[in-house]
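In the working numbering, the protein residues as written are 59 to 166. Heads up: the structure comes next, in structure tokens.
Structure (structure tokens):
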């Protein structure tokens, strides 16, 4: 991507990574709850739990997972945005998913 669209996309990635780095300084246990109603559907609880588990990942792994699964970008584009090779992207995603599985298993 180049031009205004590429610039906007790169800016979004940089802002995301900056926020991830700042959030890494805050222990997950102290992340404020988004508010919970006793009648809230299980999906809301699941989304909050997913956010907390994702918050515990290193910023690069979190960004690689977000760009692959939420932005639906190919490894080559993710690597270009993160400044690494597609192979490193695959490694970061794999390690991040393994960490997520371990954390989900520990919570259950």
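In this text, a Cβ means the ideal position worked out from N, Cα and C, and glycines have one as well. Please read these numbers as outputs of a predicted model, since none were measured by experiment.
Asked                                                                                                                    : Found
Helix, strand or coil at residue 144 [DSSP, three-state]                                                                 : helix
Buried versus exposed call for residue 163 [16 or more other C-beta atoms within 10 Å across all chains shown]           : exposed
Boundaries of the alpha helix (DSSP H) in which residue 121 is found, first to last residue                              : 117-123
Nonlocal neighbours in the same chain, by C-beta distance under 7 Å from residue 144, ignoring five residues either side : 133, 134 and 137
Between the CA atoms of residue 165 and residue 126 - distance to the nearest angstrom                                   : 25 Å
Own chain partners of residue 139 with C-beta closer than 6 Å, once the 5 adjacent residues on each side are dropped     : 71
Distance, residue 156 Cα to residue 150 Cα                                                                               : 10 Å
Whole-angstrom distance between residue 118 and residue 148, CA atom to CA atom                                          : 12 Å
Environment of residue 141 [buried if 16+ CB atoms lie within 10 Å]                                                      : exposed
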